[in-house]
Structure formats: structure tokens, C-alpha cells
Amino acid sequence: MAKNVLSISSHVVHGYVGNRATVFPLQYYGWDVDAVNTTNFSNHPGYGSFEGKPSSPELVADIFQGLKEILNLNDNYDMILTGYTPGDKVLEVIYQQLSSIFNSSDKSKLPIWIVDPVLGDNGRLYVSENVIPIYKKIFSSGFVTLTSPNQFEFETLTGLKLTNWDSVVEGLTKFYELYKVPNVVISSAIIDDEMYSIGYSHSDDTKSPSIFYLPINQIDCNFNGCGDLFTALLANAFFENDKKLTPLTLSTVLIKLNLILQHSYKEEQQVTGQEVIKVVKDIRIISSRHYLLQDNQDNELVVKVKYL
Amino acid sequence: MSKSVLSIQSHVVHGYVGGKAAIFPLQTQGWEVDNINTVNFSNHTGYGSFKGNSIDENDELNPILNQLINNLHINYNAILTGYIPNSNLINCIGKYVKQVKEQDDKVLYLLDPVMGDNNYLYVSESCITEYQNLLTYNMIDIITPNQFELELLSNNKITDLNTLKLSILKLHLNFNIKYIVITSLSSSIFNPPDNEDTESNKQDDKFIYCACSTLTNLNQIQIFKIPIIKSYFTGVGDLFSALLLDKLYNNIHSITTTTTTTSDIEKLTRSVNQVLTIMSKTLKLTHSIGLKEFNKHKSVSSTTNSSGNIIGKINDADSMKYFELKIIESRSLYDYCGDGAFKPELLKVDY
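Residue numbers (our numbering), protein chains in the order written: chain A, 1 to 308; chain B, 1001 to 1351.
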């Protein structure tokens, strides 16, 4: 049975960030992906220069209007994924359009909304700071099922720094108090000089949440588009696991991501002839596509899970 | 060994035409596909309504192409161009393709001159002269017009085998095009209407013809006769061109062949046969899944044809959405590299 996802993120002609990092993996998993592009750029800014322009709010609103004329948006999608959106006006349009879906009277087949609140990384914003309050509004709406911020984004949204496990618990608790988003994955966070991926699942309000973390096999290199790919893999794994976030789900995602990044690193070494690579501008999603379908249900990472 | 292609064609959010029909199949075959979206539409025009806009030449297309080719110096193995909505954009793209081909003639350029079908033009008239101008650059390796587009490009109405051959030769010789594939030809070319065998004419309505020819073997035009599935499918030509690029590239570079095909026409014919085989399976799958989904959602409909079969109908969003090409479900079909299910025949023309 076909699965339908609406993926709203950036488009670049060359390279694998935004929709270019999410669409193909999801298609390979059998999803019909309707891709709304928030930008039309030649490449990502990591190259030092780029051309093209972001999509205007009018264009994005128009595209939604066009879709509504041919589809019943209230029951067409199983999942909606939102990622890189550089400007507040476009993000506001997206919020308004999606709100009207979630506010519809027909609740029989509402999609799940997965939000990657792309703000920046390593202490640096790479979108307009005006999008921050809109993300806060989106999270407060009650429409979001899962979100996948990185450490910087999580800290920005909660105003709390993650320095040790106590602050992680404090931060996740605060995030839930603020926004009531039932599933949160902090894609990567450095705690005590080690990198971890942290999961928070609070699907039943009457019970206490499950908070857990898994170590990340860290490669000392910056991979552009890594967060976008992570969210795509997570979205699929989450959906396929009956929309539940568990350590096993997260472990399969981390393993696949690691295999793809390792492969990309090796290809970059071959192409550049250099032993040490600091930046991989283009993740090799196409040539590592066989990893996507690999069965990782039985893996050694999941046993390293720690609960908080 | 990775292969890369710059694909320049339309983007629709919902449905499978243009890039949506071409990119995923190419990616499953290992191609790194850089895609420039000539339009950004909600859906294809067959639904009767759509929203969105075309790429802007000055703000987007020209600077983006300049960035990729002259600043990032990306080396592509191939360039694929499809639907381009106006003549200024065709002109702009043509200039950059010319530059790339002048720098490296080994880059394989496939031009799908998307202009219309069945005597209906769906781009502006000025596109015809712009494509004709682009032909004069003598840089096209592969061209995949349908009958109507071939007629427009060659200024020559195709009514019989002679006019068909003449049009093909014109493209080969005047513009140095190496590989020509006419993706769909009317059966009346092969069975003239004055033919008295009316039963065979009726039978022929159920077939469509496809021709292929190479510059190095001008007297060996090959004809394929293919059964038609009666429904309105969109994106078929876009998928065809993408698959042809992959198969021909592989056959030229002997990537997937075990047999030694020697001549260009043998390589092209083999490639076209592989593509037609995949297309035939994809369309059958599309039709059967479409019917199943349609029946599940609708009980009564206006889109039933005379024989009681439900078909995709143009300008009817309700039926159209069920007959979008099943590009995702057909994933396992794209790597087919056998001999092909069809039997080509040599075109015989008496002068």
C-alpha cells in the first residue's frame, strides 16, 4: 500500500541537503513524496557561494492552493515533514496551511507532523531569527507528533544549555511543559565530551516519559545535510514502528546514518586524495542506497541504551 | 563508478511528470542527478487546474547554470533536458549546453524537445523556432521527439514511411544528431487508411510504433510495434527519456552488456528495447494499481469508457490522481538489462 508524505524543505540543484537529502531515501522506502521546495538554490552555502533564491510566501501559498484544488489534503497524507525554511513569512504560510489540515473536522485520517526545526548548528544560526517564535507557535499547536532538533536548536527553543545528564532531563522536561510534543529526538548532543543521540517519548500523559540515549559513533568531520538525512530516516523508522519512538527505532536510524557517513567519508578520501577530511559537502546518498534497506533490527548499538 | 547527469525539466509537487518521473528511476540506477526545475507547479496540467510558476531566467536559471558550470566546475557525464516552458529559457539552456559540449564532447546530451502531442502544441509557438535554432549547434547526441515534435522540428508532415525516413535523415544529416528515437508514431503511417484490410486497421488502433535510427547506420532504421494500454497516462515520455539515457549510456560504455553489440544501431536498438520492456511493465503496474485504488474509493464515475473499463481521463482530477505513473512501486523494474521483449523490424522504404 502506497504511503504518502508531504516533504517541505529546501531545494538545491547540486548536493544533498534539505529535500535533496530527504526525498530520495523516502522514495527508496516506498513513499510517494510530494516535495514543496522552500528554496531554489544552485547548491548549499557550504560551498562558499551560491545562486538562486528562496521561494516567496506567495509561491508556497499558491502551491498549497493548487494542491487543495485537486486533493483532499485532510486525508491524502500519512505524514508531513517540515525542514529548512529560511524565512519567517514562508514558515508562517506553512503553519497556516498545515493548521487548516489539523483543524479539519474530519479527524479520521490525519497525518502525523514531523518537524525538524532547522535553525543552525554549533552555536550559529543559519536562518532568520524571526523563525524562532514561529517554531515555538508550531510546537505549541498540539499538531506535532515528533521533532528532531540538534543540540543548538534544542537549546535555542528551551533557553537551557545541555551540559550534563541532569540538564538533559531538565531541558526535555521543560520542552514538554512548554510544547507538549510527545516525541522528541535530540539528534546529537555532546555530553561529557562524548556524542549521544537522545530520545524522549511521552505518548501517554498519565505515565512518566521514557528518556533514553545512545552513543554516536562520532566521525570527526562535518557532513552537510546530515541532519536532513537523519530526520528522513527517523521519520520512516518512526512511522514503520507504529509511530512509536523506542531505543530500537533510534538505533536502526543511527546505524544506517553512520554507514552512509562512513561511506561518504571514504569516497571523499578517494576523490580528494586526502587522508583527513574535515568537511564532506555532499553526502553520498545515491551510492550508499543499499544501506537504506539493510535490516538492522538485530543490532549491537541498542544494547548500549541508557535510560534517564 | 559513479555517473552524473544534469537534468533540466519540470517539477510538480504532486504526481509524476518531468523530473518527478525521471529523477528517481535514474537515482536507483546509480546516477547522481542534479536537477534544475524549469517550473515549480502543484501538479501537472492534466488535472484541469494547477498553481505555481516558471523559473526566472535572470534571477535563477542563468546564475544557477553559471554557478554550476563556471564556478563549481561540475563535470557531468550527461545532460538531459525536457519540458522548458518558454523560448528564452530554451535559449539560455542551449548556450550553456553548447559551452559544456565544446569543453568536453564526451558529455552525452539527450534532448527531449517537449512541445506537444497529437497535433496539440502545449508550449508557446516561439519554442519551435528556438528548438530549431538549438539543433543548429550540432551538439545533440540523442533526441527523443514524438511524431508531432518530429514534424515541428523537421518542418515536414509525416504521412507515410517515406516522409518518416526523410524527417529522420534530415535531423541526422543537417544537425549531426547521432541517435534518434521517435517515441510514438501513428499506426496510419504503417497501415495507410486506403488499405482495404479494415480488420487489420482496427487491430492497429491497439498498437503504437516507435522508431530508432543512428547517424552511422542511416539505412537501418528500426521499428518497434507496441500494444497500447487505453488510458491517459502522463509523464510517459519523461520516464522514457530518462531510462533511455541510462540504458544507452550503459550499452555505449558496455557497462551491463555481456554480449558484444558492435554497431551503434545495435546498441541503440537494444537500449530502446530494454526501455520499452520496462515501460510496458510500469504502465501495466500503473494501470492495475490505479484500477484497484479507484475502485476502492469510488463506486460510480463518469470516467468509464465504452467497454466498462475505468480509465484516467484528462482534466478530471478525480480519475487523474489514480493514474499517476507508479514510479515508486516500479523501482525493481528499472535495472532490467536483458535483450528486451519486443522484436524490432527494419524499415523498408522504396525510393
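Every residue gets a Cβ at the ideal spot worked out from N, C-alpha and C, and that includes glycine. In this text the structure is predicted, and so the values were computed from the model without any measurement.
> Rounded to a whole number of angstroms, what is the C-alpha to C-alpha distance between E295 (chain A) and N1191 (chain B)?
Replying inline: What you label residue 295 (chain A) is simply residue 295 of the first sequence in a count that begins at 1. What you label residue 1191 (chain B) is simply residue 191 of the second sequence in a count that begins at 1. A quick correction: the sequence has Asp, not Glu, at residue 295 (chain A). D295 (chain A) and N1191 (chain B): Cα-Cα distance of roughly 54 Å.
>> Strictly below 7 Å CB to CB, what residues from chain B border D193 (chain A)?
In response: The residue labelled residue 193 (chain A) in the question sits at position 193 within the first sequence. The CB of D193 (chain A) never comes closer than 7 Å to any CB in chain B; the least such distance is about 36 Å.
> Hey, how far is the Cα of T1214 (chain B) from the Cα of N1250 (chain B)?
Replying inline: For this step, residue 1214 (chain B) is matched to residue 214 along the second sequence. For this step, residue 1250 (chain B) is matched to residue 250 along the second sequence. The C-alpha of N1250 (chain B) is placed about 17 Å away from the C-alpha of T1214 (chain B).
> Residues in its own chain within less than 6 Å of L1111 (chain B) by CB, not counting five upstream and five downstream?
Replying inline: Taking the first residue of the second sequence as 1, we reach residue 1111 (chain B) at position 111. Counting only Cβ-Cβ distances below 6 Å, and skipping sequence neighbours, we find T1081, I1140, I1143.
>> According to DSSP, simplified to helix, strand and coil, what is G46 (chain A)?
In response: As a working note, residue 46 (chain A) is residue 46 in the first sequence. Correct three-state label for G46 (chain A): helix.
> How would you call R1270 (chain B), buried or exposed, if buried means at least 16 neighbouring beta carbons within 10 angstroms?
Replying inline: Residue mapping note: residue 1270 (chain B) aligns to position 270 of the second sequence, counting from 1. When all chains shown are included, R1270 (chain B) counts as buried.
> Under the three-state reduction of DSSP, which class applies to K89 (chain A): helix, strand or coil?
Replying inline: Here residue 89 (chain A) corresponds to residue number 89 of the first sequence, with the count starting at 1. Three-state DSSP puts K89 (chain A) in a helix.
> Can you tell me the Cα-Cα spacing of L1171 (chain B) and W31 (chain A), whole angstroms?
Replying inline: The sequence position of residue 1171 (chain B) within the second sequence is 171, counting from 1. The sequence position of residue 31 (chain A) within the first sequence is 31, counting from 1. Distance from the CA of L1171 (chain B) to the CA of W31 (chain A), rounded to the nearest whole angstrom, comes to 41 Å.
> When you compare only the Cα positions, how much space is there between V1272 (chain B) and S1087 (chain B)?
Replying inline: Within the second sequence, the letter at position 272 stands for residue 1272 (chain B). Within the second sequence, the letter at position 87 stands for residue 1087 (chain B). Between V1272 (chain B) and S1087 (chain B), the C-alpha separation is close to 29 Å.
>> DSSP three-state label for F230 (chain A), please.
In response: As a working note, residue 230 (chain A) is residue 230 in the first sequence. Helix at F230 (chain A).
> Whose C-beta lies closer than 6 Å to the C-beta of P1344 (chain B) among residues of the same chain, with five residues either side of it excluded?
Replying inline: Position 344 of the second sequence, counted from the start, is the residue given in the question as residue 1344 (chain B). The beta carbon of P1344 (chain B) is closer than 6 Å to those of Q1222, F1224, T1269 in its chain, skipping five residues each way along the sequence.
> Roughly how many angstroms separate the alpha carbons of L1108 (chain B) and I1079 (chain B), rounded to a whole number?
Replying inline: Locating residue 1108 (chain B) in the second sequence gives position 108, counting from the first residue. Locating residue 1079 (chain B) in the second sequence gives position 79, counting from the first residue. Approximately 6 Å between the Cα atoms of the pair.
> DSSP three-state call for D121 (chain A): helix, strand or coil?
Replying inline: Counted from its first residue, the first sequence places residue 121 (chain A) at position 121. In the structure shown, D121 (chain A) sits in a strand (DSSP, three-state: E or B).
>> Strictly under 7 Å for the Cβ-Cβ distance: is S1302 (chain B) near chain A by that measure?
In response: Mapped onto the second sequence, residue 1302 (chain B) falls at position 302. Note that S1302 (chain B) scores a pLDDT of 46, beneath 50, so its modelled location is shaky and nothing firm can be said.
>> Just to confirm the assignment: which complete beta strand (DSSP E) runs, minimum length 3, are found wholly within the region 1068-1106 of chain B?
In response: Runs found: 1078-1081.
> Which term fits A21 (chain A), buried or exposed, when burial requires 16 or more other beta carbons within 10 angstroms of its beta carbon?
Replying inline: Residue numbering aside, residue 21 (chain A) sits at position 21 when the first sequence is read from its first letter. Result: buried.
> Is the distance from the Cβ of I63 (chain A) to the Cβ of V1236 (chain B) below 7 Å?
Replying inline: Stepping through the first sequence from its first residue, residue 63 (chain A) is reached at position 63. Stepping through the second sequence from its first residue, residue 1236 (chain B) is reached at position 236. No, Cβ-Cβ distance for I63 (chain A) and V1236 (chain B) is not below 7 Å.
>> Check whether chain A comes within 7 Å of S1007 (chain B), counting only Cβ atoms and requiring the distance to be less than that.
In response: Translated into the one-based positions of the second sequence, residue 1007 (chain B) becomes position 7. Not one chain A Cβ lies under 7 Å of S1007 (chain B).
> For Q96 (chain A), which residues does DSSP report across the bridge?
Replying inline: Numbered from its first residue, the first sequence carries residue 96 (chain A) at position 96. By DSSP's assignment, Q96 (chain A) forms no beta bridge with any residue.
> Going straight from the alpha carbon of Y196 (chain A) to that of S187 (chain A), what length do you get?
Replying inline: The count along the first sequence starts at 1 and reaches residue 196 (chain A) at position 196. The count along the first sequence starts at 1 and reaches residue 187 (chain A) at position 187. Going from the Cα of Y196 (chain A) to the Cα of S187 (chain A) covers about 8 Å.
> Is it buried or exposed for K1326 (chain B), if we count other Cβ within 10 angstroms and need 16 for buried?
Replying inline: Numbered from its first residue, the second sequence carries residue 1326 (chain B) at position 326. So K1326 (chain B) counts as buried.
> Taking Cβ-Cβ distances shorter than 7 Å, what residues in chain B pair up with K53 (chain A)?
Replying inline: Position 53 of the first sequence, counted from the first residue, corresponds to residue 53 (chain A). Within chain B, the residues near K53 (chain A) are D1059, E1060.
> Any idea if R284 (chain A) is buried or exposed, counting beta-carbon neighbours within 10 angstroms, 16 or more meaning buried?
Replying inline: Numbered from 1 along the first sequence, position 284 holds the residue referred to as residue 284 (chain A). Classification for R284 (chain A): buried.
>> With a threshold of 7 Å between beta-carbons, can D1105 (chain B) be considered close to chain A, or not?
In response: Within the second sequence, residue 1105 (chain B) is the residue found at index 105, counting from 1. Chain A, which has no Cβ nearer than 7 Å to the Cβ of D1105 (chain B), makes this no.
>> Distance check for N1219 (chain B) and Q262 (chain A), CA to CA, integer angstroms please.
In response: Start at 1 with the first residue of the first sequence, and residue 262 (chain A) comes out as number 262. Start at 1 with the first residue of the second sequence, and residue 1219 (chain B) comes out as number 219. Q262 (chain A) and N1219 (chain B) have their C-alpha atoms spaced approximately 52 Å apart.
> Mind checking S201 (chain A): buried by the 16 CB within 10 Å criterion, or exposed?
Replying inline: Residue numbering aside, residue 201 (chain A) sits at position 201 when the first sequence is read from its first letter. Per the 10 Å Cβ criterion, buried.
> Since I1036 (chain B) sits in a beta bridge, which residues does DSSP pair it with?
Replying inline: Against the second sequence, residue 1036 (chain B) aligns to sequence position 36. Under DSSP, I1036 (chain B) takes part in a beta bridge, and its partners are B:I1008.
> Of the choices A:T249, A:S105, A:V184, whose alpha-carbon is the least far from that of I211 (chain A)?
Replying inline: To locate residue 211 (chain A), count along the first sequence from 1; it is residue 211. It is A:V184 whose Cα lies nearest to the Cα of I211 (chain A).
> Given 8 Å as the limit, is there contact between the region 43-62 of chain A and the region 270-284 of chain A, that is, 3 or more CB pairs closer than that?
Replying inline: Output reads yes: the region 270-284 of chain A touches the region 43-62 of chain A.
> How about L1245 (chain B) and T1282 (chain B): are their beta carbons less than 7 Å apart?
Replying inline: Here residue 1245 (chain B) is taken as the residue at index 245 of the second sequence, counted from 1. Here residue 1282 (chain B) is taken as the residue at index 282 of the second sequence, counted from 1. Cβ distance not < 7 Å, so L1245 (chain B) and T1282 (chain B) don't count as in contact.
>> Would P1145 (chain B) and Y1131 (chain B) qualify as a contact pair, given that the criterion is a beta-carbon distance under 7 Å?
In response: Within the second sequence, residue 1145 (chain B) is the residue found at index 145, counting from 1. Within the second sequence, residue 1131 (chain B) is the residue found at index 131, counting from 1. Contact: no.
> What residue from A:L26, A:S7, A:F41 has the CA that sits closest to V13 (chain A)'s CA?
Replying inline: Working through the first sequence from its first residue, we reach residue 13 (chain A) at position 13. It is A:F41 whose Cα lies nearest to the Cα of V13 (chain A).
> Quick one: is N1043 (chain B) near chain A, going by C-beta distance under 7 Å?
Replying inline: Taking the first residue of the second sequence as 1, we reach residue 1043 (chain B) at position 43. So yes, N1043 (chain B) belongs to the interface.
>> Helix, strand or coil for V303 (chain A)? Go by DSSP, reduced to three states.
In response: Within the first sequence, residue 303 (chain A) is the residue found at index 303, counting from 1. When DSSP states are grouped into helix, strand and coil, V303 (chain A) belongs to the helix group.
>> With H, G and I counted as helix, E and B as strand and the rest as coil, what does DSSP make of Q1029 (chain B)?
In response: The residue labelled residue 1029 (chain B) in the question sits at position 29 within the second sequence. DSSP places Q1029 (chain B) outside both helix and strand once states are collapsed to three, so it counts as coil.
> Any idea which residues DSSP pairs D34 (chain A) with across the strands?
Replying inline: Within the first sequence, residue 34 (chain A) is the residue found at index 34, counting from 1. Answer is A:L6.
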